[in-house]
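Protein chains in written order, with the working numbering: chain A, 1 to 134; chain B, 135 to 268; chain C, 269 to 402; chain D, 403 to 536. Following: one structure in C-alpha cells, then a few remarks.
There are 4 protein chains.
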Amino acid sequence: MPDITLNDGMKALEAAFAKARSLNIVVGVSVVDARGDLVASARMDDSLWWWTESSRAKAMATVTYGGIPSGELTERAARPVAQTLLHMHQGRIAPQQGAVPIRKGGKLVGAIGTAGGTGQEDEDISAVGASAII
Amino acid sequence: MPDITLNDGMKALEAAFAKARSLNIVVGVSVVDARGDLVASARMDDSLWWWTESSRAKAMATVTYGGIPSGELTERAARPVAQTLLHMHQGRIAPQQGAVPIRKGGKLVGAIGTAGGTGQEDEDISAVGASAII
Amino acid sequence: MPDITLNDGMKALEAAFAKARSLNIVVGVSVVDARGDLVASARMDDSLWWWTESSRAKAMATVTYGGIPSGELTERAARPVAQTLLHMHQGRIAPQQGAVPIRKGGKLVGAIGTAGGTGQEDEDISAVGASAII
Amino acid sequence: MPDITLNDGMKALEAAFAKARSLNIVVGVSVVDARGDLVASARMDDSLWWWTESSRAKAMATVTYGGIPSGELTERAARPVAQTLLHMHQGRIAPQQGAVPIRKGGKLVGAIGTAGGTGQEDEDISAVGASAII
Chain A
1 MPDITLNDGM
11 KALEAAFAKA
21 RSLNIVVGVS
31 VVDARGDLVA
41 SARMDDSLWW
51 WTESSRAKAM
61 ATVTYGGIPS
71 GELTERAARP
81 VAQTLLHMHQ
91 GRIAPQQGAV
101 PIRKGGKLVG
111 AIGTAGGTGQ
121 EDEDISAVGA
131 SAII
Chain B
135 MPDITLNDGM
145 KALEAAFAKA
155 RSLNIVVGVS
165 VVDARGDLVA
175 SARMDDSLWW
185 WTESSRAKAM
195 ATVTYGGIPS
205 GELTERAARP
215 VAQTLLHMHQ
225 GRIAPQQGAV
235 PIRKGGKLVG
245 AIGTAGGTGQ
255 EDEDISAVGA
265 SAII
Chain C
269 MPDITLNDGM
279 KALEAAFAKA
289 RSLNIVVGVS
299 VVDARGDLVA
309 SARMDDSLWW
319 WTESSRAKAM
329 ATVTYGGIPS
339 GELTERAARP
349 VAQTLLHMHQ
359 GRIAPQQGAV
369 PIRKGGKLVG
379 AIGTAGGTGQ
389 EDEDISAVGA
399 SAII
Chain D
403 MPDITLNDGM
413 KALEAAFAKA
423 RSLNIVVGVS
433 VVDARGDLVA
443 SARMDDSLWW
453 WTESSRAKAM
463 ATVTYGGIPS
473 GELTERAARP
483 VAQTLLHMHQ
493 GRIAPQQGAV
503 PIRKGGKLVG
513 AIGTAGGTGQ
523 EDEDISAVGA
533 SAII
C-alpha cells in the first residue's frame, strides 16, 4: 500500500513549518498525491492569501511531470504542451522552484510544495517536509 | 487580533477528523478565512479525491454570505447573483450542507466545511471542528 | 496490479461497438481510469462529433461518485457540490444515464460510458463493454 | 467519401502503439478528424495520465492550421491569434512536435498526435500511425 496518507501529509506540513520557523520566514505548504489531488495544505500566520494555492501548484507541476522537482521544470513552462496543462488545471500548475517529489519504496506517491520564501528556501523547506515521511 | 491562525486551522482539522472517526466515516475538511482563502485543508485515507475541494467550497459559501451555515444557503444557489459568484470562483463555492462559520469574540473570522458524509454528518463534524477553536 | 490497462480499454471498446452494431445504432464510447483520466475513446462512423466527449463525461461522473452508474446520479446534477465538480472539470462530467463502473477483484478501476443511443441503450452498451474486461 | 473512419482510427492507434513498443517507449496517441474532434484515443500502460490529452492537443494544432505537422507550428504559439485559439479550445491545442496530418486522395481528413517520447519519437510514431490508414 505505498500511497500517501493523511498522517504523511500532516507530518510533512509540521516538519516544513518547523523548518520555515527556523529560517524565520512565513510560508504556505501543500502536499498532493501522485495524481496531483490535494492531501493536505496550510499556511502560516501572516502568509499572503494565495500561498496555499501556489505551493499546491508547484507540487502539482512536480507530479504532472512524473516526479521532477518543480525548479527543474521552469524552462518547460513556455512550451505549448505546458500551456495545455495550465488550462486543463485552470492555471493550478506552476513549474517554478519550491516543490519536490515524495517517494515510498522508490514509487512516486506525491509531491510537496512551498511558497513564501525564495525559490531555494521553498525547495529546502519542501525537502524537509518530504523527508519527514517514511 | 481576532483572526484565524494556522494553529486554529490545525486544531479544527484534528477535532473534525476525530469526530469523523467516531462516526466511522471518511471525510475531507477545509478551513478558510473570512475572505474565503484557504487556511488549512486535508482529507482522510480512502477519501474521494475531491473532498478537499468540496469541503472548501462549502466553507467558501458560508463566508461569502457573511457567516451563514452552508446548509441554509442551498435555495439561493439558483439565483443569478449566486451564479455570478459561482463563475467568479470557477465553481469553487457550494451552498450545500456541511459548513459552519467560525467566530472569535462574535466576529466572523472564517468557516469550516466537511465533505464525505451525509449533509448532517458533515455539518456536525464541522461544528466540532469549529468548537475546537478558541 | 488491479489497474485498468490499454488492453482492457481496447477490448471494452470493441465489445461495446459490436453491441451497438447489433442494436443498429451509432455511438461514441469512452473508458476512464478510477481518477477519471482517459484510457481509451472512439466513435463510430456517422456519430455526432461530441459523442466521444459525452461518453467520457458520463464515465467521469461514475468514477467521481465512487462507482455509481451515471444514470443513478442525475438527481444530484443540480446540487451545488455537483456544480463545483462541473466547473472543476470544465464541464466534462455528466451525471446522466449511459456509464457503468469497471471493477477488478471488487476494486473500482474505472468506468465506461456510451453516448448516441437512448439512455438505456447507452447503459446496456457500456455494460457489455465492461463485461469484456476481466 | 474521403472521411476518416473508426476503422482508420483504430488501425492508426494499433500501428502507433506497435511502433512505440519497438522503440521501447510508452505513449498516448490520438486521432482527430479535419475539424479537430476526437475519432480515437488511447494511452499505453504506465503513461502519464495526460498523454491522451496532449497527443490530442498536438493533433488538434495540425488540423487547426490546415494540415501542418505540429512541430512546424511552435513558433506561431505566441502569436495573438494562436492565443485566441488556445482560449477558444480551453488550452486543448498544442503546436508542439508530435502530430502529422492524415490525408486521403490528397484531402486533409484529420491528424494523429503522440505524446510521451521525445518530440521526434512522437512525430515518428504518428507518421507510422498515419501510414497505416488507406
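Every residue gets a Cβ at the ideal spot worked out from N, C-alpha and C, and that includes glycine. What you are looking at is a predicted structure, and each value in this text was computed from that prediction instead of being measured.
Would you say residue i faces chain C, with C-beta separation under 8 angstroms as the test?
{"i": "THR196 of chain B", "result": "no"}
{"i": "GLN254 of chain B", "result": "no"}
{"i": "ALA228 of chain B", "result": "yes"}
Tell me, please, whether the CB atom of residue i is closer than 8 angstroms to any CB atom in chain B?
{"i": "GLY9 of chain A", "result": "yes"}
{"i": "ARG344 of chain C", "result": "no"}
{"i": "GLY334 of chain C", "result": "yes"}
Could one say the Cβ of residue i lies closer than 8 angstroms to chain A's Cβ atoms, at least one of them?
{"i": "ARG213 of chain B", "result": "no"}
Show which residues of chain D have a CB atom less than 7 angstroms away from the CB atom of residue i.
{"i": "THR251 of chain C", "result": "There is simply no residue 251 of chain C to check, as chain C begins at 269 and stops at 402 in what is shown."}
Could you work out which residues of chain C lie near residue i, taking near to mean beta carbons separated by less than 7 angstroms?
{"i": "GLU117 of chain B", "result": "Coverage of chain B is limited to positions 135 through 268, which leaves residue 117 of chain B absent and any answer about it impossible."}
Can you tell which of the options has its C-alpha closest to the C-alpha of residue i?
{"i": "ALA136 of chain A", "options": "A:PRO69, A:GLN96, A:ILE68", "result": "Given that chain A is displayed from residue 1 to residue 134, the structure contains no residue 136 of chain A and the question cannot be resolved."}
{"i": "ALA442 of chain D", "options": "C:ALA400, C:SER323, C:ALA288, C:VAL377", "result": "C:SER323"}
{"i": "ILE336 of chain C", "options": "C:TRP318, C:LEU316, C:MET356, C:ILE380", "result": "C:ILE380"}
{"i": "GLY430 of chain D", "options": "D:THR407, D:ARG478, D:ALA459", "result": "D:ALA459"}
{"i": "ALA302 of chain C", "options": "C:ASN292, C:LYS372, C:LEU316", "result": "C:LYS372"}
{"i": "ASP271 of chain C", "options": "C:THR382, C:LYS375, C:ALA395, C:SER394", "result": "C:LYS375"}
{"i": "ASP276 of chain C", "options": "C:ALA327, C:VAL299, C:TRP318", "result": "C:VAL299"}
{"i": "SER260 of chain B", "options": "B:ALA233, B:GLY253, B:ILE268", "result": "B:ALA233"}
{"i": "THR273 of chain C", "options": "C:VAL377, C:GLU321, C:TRP318", "result": "C:VAL377"}
{"i": "PRO120 of chain A", "options": "A:LEU13, A:ALA12, A:ALA15, A:ALA20", "result": "The sequence as given places Gln at residue 120 of chain A; Pro does not occur at that position. Nearest option by C-alpha distance: A:ALA20."}
{"i": "GLY518 of chain D", "options": "D:GLU474, D:ILE495, D:TRP453, D:ALA496", "result": "D:TRP453"}
{"i": "ASP256 of chain B", "options": "B:ILE159, B:MET144, B:THR218, B:GLU148", "result": "B:ILE159"}
{"i": "PHE419 of chain D", "options": "D:MET446, D:ASP439, D:LEU440", "result": "D:MET446"}
{"i": "LEU38 of chain A", "options": "A:MET10, A:SER47, A:VAL128, A:VAL81", "result": "A:MET10"}
{"i": "PRO235 of chain B", "options": "B:VAL197, B:ASP180, B:GLU187, B:SER156", "result": "B:VAL197"}
{"i": "GLY304 of chain C", "options": "C:GLY397, C:ALA283, C:GLU321", "result": "C:GLU321"}
{"i": "GLY473 of chain D", "options": "D:LEU425, D:THR516, D:GLU416", "result": "D:THR516"}
{"i": "ALA42 of chain A", "options": "B:LEU182, B:ALA146, B:LEU219, B:TRP183", "result": "B:ALA146"}
{"i": "LEU23 of chain A", "options": "A:THR118, A:SER131, A:MET60, A:ARG76", "result": "A:THR118"}
{"i": "GLU477 of chain D", "options": "D:MET490, D:HIS489, D:ALA463", "result": "D:ALA463"}
Which residues of chain D have a Cβ atom closer than 8 angstroms to the Cβ of residue i, listed in chain order?
{"i": "GLY105 of chain A", "result": "The premise fails here: GLY105 of chain A is roughly 17 angstroms from chain D at the closest Cβ pair, so nothing lies under 8 angstroms."}
Per DSSP, what are the beta-bridge partners of residue i in this structure?
{"i": "SER309 of chain C", "result": "C:SER298, D:SER443"}
{"i": "ARG376 of chain C", "result": "It should be noted that the sequence gives Leu, not Arg, for residue 376 of chain C. DSSP, once it has assigned bridges, lists C:ARG371 as partnering LEU376 of chain C."}
{"i": "GLY247 of chain B", "result": "B:SER164, B:ALA233"}
Just to make sure I have the definition right: I need the residues of chain A whose C-beta is within less than 8 angstroms of the C-beta of residue i. Which are they?
{"i": "ALA461 of chain D", "result": "Simply none; closest approach about 12 angstroms."}
Chain D beta carbons: is any one of them nearer than 8 angstroms to that of residue i?
{"i": "GLY110 of chain A", "result": "no"}
{"i": "GLY129 of chain A", "result": "no"}
For residue i, which residues in chain A fall below 7 angstroms Cβ to Cβ?
{"i": "GLY493 of chain D", "result": "GLN83, THR84, LEU86, HIS87, MET88"}
query: According to a CB-to-CB cut-off of less than 8 angstroms, which residues of the segment 290-315 of chain C neighbour chain D?
result: Answer set for the segment 290-315 of chain C: ASP301, ARG303, ASP305, LEU306, VAL307, ALA308, SER309, ALA310, ARG311, MET312, ASP313.
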